[in-house]
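For reference, the structure is listed below as structure tokens.
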Amino acid sequence: MSQEELVTKVTQIIERKDGSQVKIVATLMYGSGLHPSIDTYVHRRDSEKHDWVLCGNKPHPDWRKMSIDDYIKHGRPEMLQAASPGEILKVRSQLGKPMKP
């Protein structure tokens, strides 16, 4: 009986209309007790000629005091300003699926 290999890392690069790029990386990991967890990183760059910059995952320190509009514009974590939750979930959803030959 052969064991089916599963996808454990997915990387997607998204081109924006302004020429900038976003790279979403999701990795399936197993800690103690073999419980799966997913690490997700978002990188951005202004163009192909620029280096990738890792986006932070912490919201603005005063995010709880912001109005909803201010939070959407300035309070969200940098990774959610660069990539939408849907784009991130699309990449994460590919983890654990069988590898295609």
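In terms of this note's numbering, the sequence shown is residues 38 to 138.
All C-beta atoms in this analysis are idealised placements derived from N, C-alpha and C, irrespective of residue type, glycine included.
All figures in this text were calculated on a predicted structure; none of them were measured in a lab.
Counting only runs of at least 4 residues, the segment 74 to 126 fully encloses the following alpha helix (DSSP H) elements, listed from N- to C-terminal order: 115 to 119. In this model, Asp55 and Lys46 are separated by some 28 Å (Cα to Cα).
Burial check for Met116: the Cβ neighbour count within 10 Å reaches 16 or more, so the residue is buried. Bridge partners of Thr48 according to DSSP: Val62. Setting aside the 5 residues that flank it on each side, Met103 is surrounded in the same chain by Gly112, each with a C-beta closer than 6 Å to its C-beta; the list follows chain order.
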